[in-house]
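Undergrad: full-length UniProt numbering puts the first residue of the sequence shown at 1, with every later residue one more than the last.
Glycine is no exception: its CB is placed at the ideal position from the N, C-alpha and C atoms.
Since the model is a prediction, treat every value here as computed from it, not as a measurement.
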Amino acid sequence: MTTDGDIDMADLASLDAPASPAAAAAPSKVEVDLEVDTQSDNYDPEVSGSLRVTTQTLSSSEAADVSDYAVGVLRGNMVHLNHLDAVMQLRPSMPHLISGASRTRQPLQQVETNGGGAGSKAVPSAKGNQHPDGSKDSPKEPEPWISLTYEPAGSDVASKYYAEMVASEGRPIDFTMSTHDYALSLCPGGPTGSKNINRSQAIREMLSLPLEERLKKWFTEVSQVTRFVALMHLAPDCSEEDLLETLPVYADLVRGLWVCRSSLLYDDGLASKRDQIMLEFTKMESIPVKYVERLIRDERTRNMILNPLGKRRDKLQDYKFIVAADSSFIKRYSHIVKEQENAWSVRAATMPDPLEKCSATEQRKTKNSTKSNIPVKGPDPVMGKTKDGLVQGSENHVRSVLDSVFTANKVRSFPAVVRDLRHLAVKYASDRKDGGRFQALSNAAQTCVSLSRKELDASIRLVAVPVHDLYVQKSEEKASVRNCLIKLFRDRVPNGTLKKQEILDCALSILKRKISEKEYHQAVSEICISNEDGHLVLKNGEMP
């Protein structure tokens, strides 16, 4: 890696774009005139003449601090870094459109080169701009501009500056990051984990271990959250299929990233709380601080579990998942994503309510305590049905399996619910851990499938709201945006459409407040899709 000398940015004009740029001599400023495409569908040719715009001016704003920036050119196995004097951001400028505004660019006059150096230019004198009487209110002369000419990539001028950018000699750049730390930051694996570990060295040391030990050691000692492309570096001797088959033993999929399984890090108590945190992250990008504090009351334990998984944002009072969702993995391995969603649904059905009050728990434990100690003989009570079709002794199990269906997909049709129940019945039956409870859940799912349509409909309404011929998962809060959407869709004909403003108005009327963009998009994305006209329709209940 080399660091190269400064480039005279005032002379560099090898930008490849159809525009007319100009630069002010002092202070540093750039403006670019772009022609507006009047043939575009977005251009209104019928606008009045005074408002018609045929050119767009972009004006520059300078970044306050450029010490963290450099221009890098990769050439072979060398990265050539070049110092930056300034970073300019171009934004649309409107002053020239204001009525009565008069602004002209006066070119910087060239000086005769008889007595000066070749190519020297006249620079405006600070003294010359002052009024003789020293008044500060004297009118300023129009600032001079330097017209720039675009040079296409590959031209002689552009090639000249490219050669300077990859020159072998140059002055050192005073970076705050050491060369070792810079190279370490480029190593695959992502910035997760609380330990300052050299991931390149860790990978090299682990390659001699069996794949299973590699994965376990990586997730528990190096990084709890890792992208799949980074894990491929950890298993260069394995195919993608083999790695994907082994991964679920040591990690769970959250937002397209693989996260260390809680059972590898903590005992059952803390593992259950961490699983609940991970489950919430599968639903949304951020979790409210209040929820986390109620779930894990001890601050030290809370930080131990949350720091590798999320970043606390004090202003928003939430924890944001530590890495952005891996959309490329989600698109490429949709079947794996679906399998993991089903696995989370099964786990969610067996998770106890994390915020359940102790008093309610004690009440359930003491109620009929004598009967609970008597061994049950005969057929599994889960399979017994009353004459009304309800399942005796398994109301909680029925609700759990139906909750699993609607946790994975917020909108379902009746046939889709039946299919999901059959799938869960098989999943529960095949799980050997805590076999008694999973078998009871499997039996509950099978019993639901055997109910008549009327009986199953009554059970579904425990966890979902009917909207025409579909079911939408109930919201935990009565005053929610989802309930506003449900009301609007129920008031319309089947397959009716909604507009954003209708939803905002309904929320303002029912919730008595304006909802944020985040609330709006979260509620809409869960149960709606956009049609060809850009209107919102309820999901069909068949596809995820």
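Return helix, strand or coil for Pro248, following the three-state DSSP convention.
TA: helix
Undergrad: Expressed to the nearest angstrom, what Euclidean distance is found between the alpha-carbon atoms of Glu542 and Ala416?
TA: Approximately 6 Å between the Cα atoms of the pair.
Undergrad: Counting only runs that start and end within the stretch 468–512, where is the alpha helix (DSSP H) found for 4 or more residues in a row?
TA: 481–490, 500–511
Undergrad: According to the neighbour-count rule (16 or more other Cβ atoms, all chains shown, within 10 Å of its Cβ), is Asn82 buried or exposed?
TA: buried
Undergrad: Have a look at Arg490, Leu508, Val493, Arg482 and flag the residue whose alpha-carbon is nearest the alpha-carbon of Ala523.
TA: Arg482
Undergrad: Which class does Asn82 belong to by DSSP, given the choice of helix, strand or coil?
TA: strand
Undergrad: For Asn42, count neighbouring C-beta atoms within 10 Å of its own C-beta (all shown protein chains included) and say buried if the count is 16 or more, exposed if not.
TA: exposed
Undergrad: Apply the 10 Å Cβ neighbour rule to Met278 and answer buried if 16 or more other Cβ atoms are within range, or exposed otherwise.
TA: With 16 or more Cβ atoms within 10 Å of its Cβ, Met278 is classed as buried.
Undergrad: Over the uninterrupted alpha helix (DSSP H) stretch that includes Lys29, give me the two end residues.
TA: Per DSSP, Lys29 belongs to no alpha helix (DSSP H); it is in the beta strand (DSSP E), 29–35.
Undergrad: Quick check on Ala464: does DSSP put it in helix, strand or coil?
TA: strand
Undergrad: Taking 8 Å as the cut-off, does the stretch 468–488 touch the stretch 499–513 (at least 3 CB pairs, one atom from each stretch)?
TA: yes
Undergrad: Grab me the residues of Leu243's own chain with a C-beta within less than 6 Å of its C-beta, minus the 5 sequence neighbours each way, in chain order.
TA: Ala235, listed in sequence order.
Undergrad: Ordered along the chain, which non-local residues of its own chain (more than five positions away) have a Cβ less than 6 Å from that of Pro288?
TA: Asp318
Undergrad: Indicate the three-state DSSP secondary structure (helix, strand or coil) for Cys528 in the structure shown.
TA: strand
Undergrad: Taking the DSSP output, what are the residues bridged to Tyr319?
TA: Ile287, Arg312
Undergrad: For His535, which of helix, strand or coil comes out of DSSP?
TA: coil
Undergrad: Rounded to whole angstroms, what is the Cα-Cα separation between Leu84 and Val32?
TA: 21 Å
Undergrad: If you run the structure through DSSP and keep just helix, strand and coil, what is Glu341?
TA: Helix at Glu341.
Undergrad: Helix, strand or coil for Leu209, going by three-state DSSP, please let me know.
TA: coil
Undergrad: In terms of residue numbering, what span does the alpha helix (DSSP H) encompassing Arg419 cover?
TA: 414–430
Undergrad: Between Val449 and Leu402, how many whole angstroms is the CB-CB distance? I'm expecting something under 8 Å.
TA: Their Cβ separation, rounded to whole angstroms, is 12 Å, which puts Val449 and Leu402 out of contact at 8 Å.
Undergrad: In this structure, how does DSSP classify Cys238 when only helix, strand and coil are distinguished?
TA: coil
Undergrad: Leaving out five residues before and five after His535 in sequence, what residues of the same chain have Cβ atoms less than 8 Å from its Cβ?
TA: So the list reads Thr497, Leu498, Lys499, once near-sequence residues are dropped.
Undergrad: I need the DSSP call for Val87, collapsed to helix, strand or coil.
TA: coil
Undergrad: DSSP state of Gln39, grouped into three classes?
TA: coil
Undergrad: Just how far apart, CA to CA, sit Ala122 and Lys311?
TA: Note that Ala122 scores 39 on pLDDT, short of 50, meaning its location in the model is unreliable and no value can be drawn from it.
Undergrad: Can you give me the C-alpha to C-alpha distance between Leu270 and Arg297, rounded to a whole angstrom?
TA: Take the alpha-carbon of Leu270 and the one of Arg297: they are about 12 Å apart.
Undergrad: Can you give me the C-alpha to C-alpha distance between Ser475 and Phe321, rounded to a whole angstrom?
TA: In this structure, the alpha-carbon of Ser475 lies about 23 Å from that of Phe321.
Undergrad: Label Lys331 either buried or exposed according to how many other C-beta atoms from any shown protein chain fall within 10 Å of its C-beta, with 16 as the threshold for buried.
TA: exposed
Undergrad: Compare the beta carbon distance of Phe228 and Cys260 with 8 Å and say whether it is the shorter of the two.
TA: no
Undergrad: Drop a sphere of 10 angstroms on the beta-carbon of Gln425, count the other beta-carbons inside from all chains shown, and report buried for 16 or more, exposed for fewer.
TA: Residue identity differs from the one stated: residue 425 is Ala in this sequence, not Gln. Under a 10 Å Cβ-count criterion, Ala425 is classified as buried, with 16 or more other Cβ atoms of the shown protein chains found around its own Cβ.
Undergrad: Going straight from the alpha carbon of Arg52 to that of Val36, what length do you get?
TA: 10 Å
Undergrad: Using 10 angstroms around the beta-carbon of Thr386, count the other beta-carbons present and answer buried if the total reaches 16, otherwise exposed.
TA: Any reading at Thr386 needs caution, since the residue's pLDDT is 37, under 50, leaving its predicted position unreliable; the model's value is listed next. It is exposed - the Cβ of Thr386 has fewer than 16 other Cβ atoms within 10 Å.
Undergrad: What is the rounded straight-line gap between the Cα of Ala348 and the Cα of Ser404?
TA: Rounded to the nearest angstrom, the two C-alpha atoms are 7 Å apart.
Undergrad: Express the C-alpha separation of Glu299 and Ser345 in angstroms, rounding to a whole number.
TA: 29 Å
Undergrad: What does the alpha-carbon distance come out to for the pair Pro45 and Leu34?
TA: Going by the C-alpha atoms only, they are around 18 Å apart.
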